[in-house]
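In what follows, a structure is listed as structure tokens, so that the remarks can point back to it.
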Amino acid sequence: MNFDLNFIGILIGAIMASSVPLILAASGELIAERSGVLNLGVEGMMIIGAISGFALMIVTDNLFFAVIGSMLSGLIISLIFGLLTQSLLTNHVATGLALTIFGIGMSAMIGKNFVGIPGKEFPLLLDNLKESIPFLGPIFFGHSIILYFAFGLPFLTNYFLKKTKTGLIIRAVGDSPTSASNQGINVTLVRYSCILYGGAMCGLAGAYLSLIYTPQWIENMTGGRGWIALALVVFATWSPIKVLIGALIFGGITILQLHMQAAGLRIPVQLLSALPYIMTIIVLVVISRDSRKIKLNTPTSLGQIFYKEK
Amino acid sequence: MNTKLKVSEISKIYPGCIANDKVSLEFGSGKIYALLGENGAGKSTLVKILSGVVKPDEGEVFLNNESIKLNSPLDAKKNNIGMVFQHFNLFETLSVFENLSIDSDKKDEDLRDLVNGILEKYNFKIDLDIPVLNLSAGQKQKVEIIRCLIRNPKVLIMDEPTSVLTEQETDDLFISLKQFSKDGILIIYITHKLKEVLSLCDEVAVMRKGKVVSVSNTIDEKIESLANKMVGENLNTIKKKINNFKNSEEILKISNLNFKSDDPYETNLNNLNLSLKKGECLGIAGISGNGQNELFQILSGEIITEGSSIMFRNKEIGKLNPRERREYLMAFSPEDRISQAAVPELKIYENVALNNFKSSNFFEKGLVNEKKIKEHSKKILSNFSVNTDNVELKSQFLSGGNLQKLIIGRELITSPELLVCFNPTWGLDVGAINYIHETLIQINEQGKSSILISTDNDELLKLSDRICVIYKGKLSKIMNADTVTAEKLGILMGGGTID
Chain A
32 MNFDLNFIGI LIGAIMASSV PLILAASGEL IAERSGVLNL GVEGMMIIGA
82 ISGFALMIVT DNLFFAVIGS MLSGLIISLI FGLLTQSLLT NHVATGLALT
132 IFGIGMSAMI GKNFVGIPGK EFPLLLDNLK ESIPFLGPIF FGHSIILYFA
182 FGLPFLTNYF LKKTKTGLII RAVGDSPTSA SNQGINVTLV RYSCILYGGA
232 MCGLAGAYLS LIYTPQWIEN MTGGRGWIAL ALVVFATWSP IKVLIGALIF
282 GGITILQLHM QAAGLRIPVQ LLSALPYIMT IIVLVVISRD SRKIKLNTPT
332 SLGQIFYKEK
Chain B
10 MNTKLKVSEI SKIYPGCIAN DKVSLEFGSG KIYALLGENG AGKSTLVKIL
60 SGVVKPDEGE VFLNNESIKL NSPLDAKKNN IGMVFQHFNL FETLSVFENL
110 SIDSDKKDED LRDLVNGILE KYNFKIDLDI PVLNLSAGQK QKVEIIRCLI
160 RNPKVLIMDE PTSVLTEQET DDLFISLKQF SKDGILIIYI THKLKEVLSL
210 CDEVAVMRKG KVVSVSNTID EKIESLANKM VGENLNTIKK KINNFKNSEE
260 ILKISNLNFK SDDPYETNLN NLNLSLKKGE CLGIAGISGN GQNELFQILS
310 GEIITEGSSI MFRNKEIGKL NPRERREYLM AFSPEDRISQ AAVPELKIYE
360 NVALNNFKSS NFFEKGLVNE KKIKEHSKKI LSNFSVNTDN VELKSQFLSG
410 GNLQKLIIGR ELITSPELLV CFNPTWGLDV GAINYIHETL IQINEQGKSS
460 ILISTDNDEL LKLSDRICVI YKGKLSKIMN ADTVTAEKLG ILMGGGTID
């Protein structure tokens, strides 16, 4: 029994680790969307973060630089999106899609020389406790600092949006940019900031993949996680806490169905692989079915181009 | 505290239109000023300049004899100029208090005390912690006003504030405005409603085509004199003869209709019953948000109901969609001209084509018969005096009045037996309102019926043969229009009863 419990603990630890990139990317995108910006470039920003984090680690041999660098590169690529959509008033959807295509291509190009190089070990906190405490040990200890940050982030984001003045301004801009502008709020500045923050978080999410989760560079290694993150934000109806729940369900079922596949269950593999997507959507739709709350959380101006009257 | 505001030689030119042409005006505190003009006369541009939203091409603004720069809304706030826009500048999904705190530097507790003080002083009743989208239009306006008041304004500008208010709310607003004026706030009141100028304001400046054409004391003015100055020509007033339809043929009958919505922000309709005779106009009054939207959608087929609950010319139509209902000769003019009645990005003739039904032959073998549609559209434009003959023009470039004429024309050119319209003159100027009213009277004279859902009581009393009131999704008793007064309507609209 003791062994089984410990195994479940390890399983939960693995689920947590697999949901980190989703939480980070979705939390970043959530802030951007709450300000009314629909950035479909999440996948692109993540993969750029993944390659630049990995490359910087190899080049500088410094994990701190690698992590900071990945965030900066995510930020810079999101700046392109900002310039296009906020200053040149291009369509959010098309620009975001272009950003993803650009990011995937760019990362493949940079990453050519980094294929096959083994990554470096990332320091894990209190790794010794992981072994010594059964069940709870593998859940709470032996993770990277980024994981702890990721699990705190939705709560911070929730507090930030609900309780701080800046959060209020972001929600106001997402609700009605015209009204915000008439109130003297610099809508463009607010939206730029939210886009850049979202970019940095996506960069970090990518770095988590290439530095910690599977420490190496593989082309296209984000494998659609950016799209999942985007979907999470929408199905979680823009609530940071529900994003966390959704990411855990998705991560959880992904890991579980792998174990089920390994156990040789007589269920078609395709069905098992589809399970995480289906279950996440079902659960999020069920827990978010309060139409009153949806109306209050949905950024009314999402995806709308804003320009000031002259 | 004496405030003097002066605008001097203000000009603003937009491509193809001079919005303000050397406008000069002077205002002083202690009085309420009316800025009167038709839509497009340049009033809104002028107040946008005063509130820093739009920059003038030329001219200066003086506050207490000092020239002030109004480059942004922040500048207007710094100079204590408060502005309540016609279209509310509120954040619908935020709470009332969040809306107020967003542009205040005060601590939350201090701000709350201040706001509560204002609520008490002016006898406003608003829950500060519910989202704005749960408020009525009148309450939303009060939030806007409070937002100005917490900054101790010297000048308060109200842009067409009563266009969304009920009669009772309007009365309340006027009481508040008079109180503000007594407290030393200079009030500039923008409107195209003549009655309001006379009952509220001390001085009136009339604008026409970007220019100030007259400044006078309101005591020296009458409705007719102001109307003529505003329009620049003599208007004739219209009056309808109320008929008795007791023995006429019944054209529409709604019996025991219920509608329950899943959306908490929609109104449920309870046990609706009404009948409409041939050639009759039935007016439905009510404060907006009491089920008018839902009633309109039920009539138009946007909401489907039990087939037998709506009988039109002895046919069950409850299950039919809007296009099918049009085939049965019903016609509809929705409230929202831009988003419901017409597609602003489409050309005039394309919008006309949207209304097609089988008999119109606009489409043949899946192809658009452009020539036919254009001819048809031209006919509408000329028959209904739309101020253009260019059917290629995008609908968004039509003024509200012209767009409404196009929409009503599009509906009427097929000679429907019943026209259902919802606030057909909302936000229109006197000339266009007159035209629409004449048209609506005409169709009754031709023996066609109409249902007029409106929040404008004057309009209802002018056009209806019978009137009822919708309140919280329920219809009142249907009364003959000649027995109805504005007061009676007011009581019923507020949920009261009369015998």
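So the sequence lines, in the order shown, correspond to chains A and B.
Sequential numbering from 32 applies to the first sequence in the working numbering.
Sequential numbering from 10 applies to the second sequence in the working numbering.
The beta carbon of each residue, even a glycine, is placed where N, CA and C say it ideally should be.
If you're wondering where the values come from, they're calculated on a predicted model, not measured in any experiment.
By how many angstroms is the C-alpha of G219(B) removed from the C-alpha of N88(B)?
Start at 1 with the first residue of the second sequence, and residue 88(B) comes out as number 79. Start at 1 with the first residue of the second sequence, and residue 219(B) comes out as number 210. So the alpha carbons of these two residues sit roughly 25 Å apart.
Which chain C residues sit within Cβ distance under 7 Å of I111(B)?
Given the protein chain composition of this structure (A and B), no chain C is represented.
Mapping DSSP to helix, strand and coil, what is P170(B)?
Stepping through the second sequence from its first residue, residue 170(B) is reached at position 161. Three-state result, P170(B): helix.
Who pairs with T200(B) in a beta bridge, going by DSSP?
The residue labelled residue 200(B) in the question sits at position 191 within the second sequence. In DSSP, T200(B) forms a bridge with L45(B).
Do K154(B) and Y42(B) have their C-beta atoms within less than 8 Å of each other?
Walking along the second sequence from the start, residue 154(B) turns up at place 145. Walking along the second sequence from the start, residue 42(B) turns up at place 33. Rather than Lys, the amino acid found at residue 154(B) in this sequence is Ile. Their beta carbons are not under 8 Å apart, which means I154(B) does not touch Y42(B) by this criterion.
Would you list, in chain order, the members of the region 441 to 470 of chain B that have their beta-carbon closer than 9 Å to a beta-carbon of chain A?
none
So who's on the other strand from P140(B), going by DSSP bridges?
Residue numbering aside, residue 140(B) sits at position 131 when the second sequence is read from its first letter. Beta-bridge pairing links P140(B) to S104(B).
Ordered list of beta strand (DSSP E) runs contained in the region 305 to 343 of chain B, each at least 3 residues:
319 to 321 and 339 to 342
What residues in the region 314 to 331 of chain A have a beta carbon less than 9 Å from any beta carbon of chain B?
S322, R323, K326, L327, N328, T329, P330 and T331
Quick check: the Cα distance between K381(B) and Y338(A), rounded to an integer number of angstroms?
Numbered from 1 along the second sequence, position 372 holds the residue referred to as residue 381(B). Numbered from 1 along the first sequence, position 307 holds the residue referred to as residue 338(A). C-alpha separation (whole angstroms): 39 Å.
When you compare each of I326(B), F97(B), P273(B) and E315(B) to G2(B) by their alpha carbons, which one comes out closest?
The structure shown does not extend to residue 2(B), since chain B spans only 10 to 508, so no value can be given for it.
Specify the secondary structure class of M488(B) as computed by DSSP and reduced to three states.
Reading the second sequence from its first residue, position 479 is the one you call residue 488(B). In the structure shown, M488(B) falls within a strand segment according to DSSP collapsed to helix, strand and coil.
Chain-ordered chain B contacts of S207(A) [CB-CB under 8 Å]:
Looking up residue 207(A) in the first sequence gives position 176. Ordered by position in chain B, the residues that pass the 8 Å Cβ test against S207(A) are N98, L99, F100 and E101.
With distance defined between alpha-carbon atoms, name the residue in E373(B), D119(B) and H385(B) nearest to N360(B).
Position 351 of the second sequence holds residue 360(B). Comparing Cα positions, the closest option is H385(B).
Output the boundary residues of the beta strand (DSSP E) element that contains D30(B).
Translated into positions along the second sequence, residue 30(B) becomes position 21. Per DSSP, D30(B) belongs to the beta strand (DSSP E) from C26 to G37.
Burial state of T195(A), where buried means 16 or more other Cβ atoms lie within 10 Å
Position 164 of the first sequence, counted from the start, is the residue given in the question as residue 195(A). Looking at its Cβ environment, which holds fewer than 16 other Cβ atoms inside 10 Å, T195(A) is exposed.
With a threshold of 8 Å between beta carbons, is S210(A) in contact with chain B?
The count along the first sequence starts at 1 and reaches residue 210(A) at position 179. Yes, S210(A) lies at the interface with chain B (some Cβ there is under 8 Å from its Cβ).
When the Cα atoms are used, what is the spatial distance from A260(A) to P169(A)?
For this step, residue 260(A) is matched to residue 229 along the first sequence. For this step, residue 169(A) is matched to residue 138 along the first sequence. Cα to Cα, the separation comes out at about 25 Å.
Alpha carbon to alpha carbon, how far is G292(B) from C477(B)? Give it in angstroms, no decimals.
Here residue 477(B) corresponds to residue number 468 of the second sequence, with the count starting at 1. Here residue 292(B) corresponds to residue number 283 of the second sequence, with the count starting at 1. The alpha-carbon of C477(B) is positioned some 6 Å away from that of G292(B).
Helix, strand or coil, according to DSSP, for F266(A) in the structure here?
On the first sequence, position 235 is the one that residue 266(A) refers to. If DSSP states are grouped into helix, strand and coil, F266(A) belongs with the helices.
Can you check the region 91 to 172 of chain A for any alpha helix (DSSP H) of at least 4 residues that lies completely inside it and give the ranges in chain order?
94 to 113, 123 to 142, 158 to 163 and 167 to 171
In angstroms with no decimal places, state the Cα-to-Cα distance between L254(A) and G282(A).
Residue mapping note: residue 254(A) aligns to position 223 of the first sequence, counting from 1. Residue mapping note: residue 282(A) aligns to position 251 of the first sequence, counting from 1. Residue identity differs from the one stated: residue 254(A) is Gly in this sequence, not Leu. Rounded to the nearest angstrom, the two C-alpha atoms are 14 Å apart.
Between T397(B), A340(B) and S473(B), which has its C-alpha nearest R419(B)'s C-alpha?
Taking the second sequence and counting its residues from 1, the one referred to as residue 419(B) is at position 410. That would be A340(B), whose Cα lies nearest to the Cα of R419(B).
Span of the beta strand (DSSP E) holding A214(B)?
Reading the second sequence from its first residue, position 205 is the one you call residue 214(B). Run containing A214(B): E212 to R217, per the beta strand (DSSP E) assignment.
Among L71(A), S104(A), E74(A) and G67(A), which has the Cα closest to the Cα of F85(A)?
Position 54 of the first sequence, counted from the start, is the residue given in the question as residue 85(A). Nearest of L71(A), S104(A), E74(A) and G67(A) to F85(A), Cα basis: S104(A).
G230(A) vs S66(A) beta-carbon contact at 8 Å:
Here residue 230(A) refers to the residue found at position 199 when the first sequence is read from its first residue. Here residue 66(A) refers to the residue found at position 35 when the first sequence is read from its first residue. Cβ distance not < 8 Å, so G230(A) and S66(A) don't count as in contact.
As assigned by DSSP and simplified to three states, the class of K497(B)
Position 488 of the second sequence, counted from the first residue, corresponds to residue 497(B). In the structure shown, K497(B) sits in a helix (DSSP, three-state: H, G or I).
For M92(B), which of helix, strand or coil comes out of DSSP?
Position 83 of the second sequence holds residue 92(B). Strand, per DSSP.
With a cut-off of 8 Å, does the C-beta of E275(B) fall near any C-beta of chain A?
One-based indexing of the second sequence puts residue 275(B) at position 266. Taking a beta-carbon distance threshold of 8 Å, E275(B) does not count as an interface residue toward chain A.
Look at the alpha carbon of L220(A) and the alpha carbon of I62(A), and state the distance between them as a whole number of angstroms.
Here residue 220(A) corresponds to residue number 189 of the first sequence, with the count starting at 1. Here residue 62(A) corresponds to residue number 31 of the first sequence, with the count starting at 1. For L220(A) and I62(A), the distance between alpha carbons rounds to 14 Å.
Which one of N73(B), S264(B), E289(B) and S297(B) has the shortest CA to CA distance from T276(B)?
Working through the second sequence from its first residue, we reach residue 276(B) at position 267. Nearest option by C-alpha distance: S297(B).
For a cutoff of 8 Å on Cβ pairs, would you count D272(B) as touching chain A?
For the purposes of this step, residue 272(B) is identified with residue 263 of the second sequence, where counting begins at 1. Cβ-Cβ to chain A under 8 Å: yes for D272(B).
Residues of the region 72 to 94 of chain B with a CB closer than 9 Å to any CB of chain A: list them in chain order, please.
Of all residues in the region 72 to 94 of chain B, the ones placed with a Cβ closer than 9 Å to any Cβ belonging to chain A are S81, P82, L83, D84, A85, K86, M92 and F94, in chain order.
Can you find a C-beta in chain A that's less than 8 Å from the C-beta of E67(B)?
The residue labelled residue 67(B) in the question sits at position 58 within the second sequence. So, not an interface residue.
Which partner residues of G292(B) appear in the DSSP bridge assignment?
Counted from its first residue, the second sequence places residue 292(B) at position 283. G292(B) pairs with L461(B) and I476(B).
Quick check on this structure: which residue in F266(A), E250(A), L315(A) and L178(A) has the alpha carbon closest to the alpha carbon of A236(A)?
Indexing the first sequence from 1 puts residue 236(A) at position 205. Ranking F266(A), E250(A), L315(A) and L178(A) by Cα distance to A236(A) puts L178(A) first.
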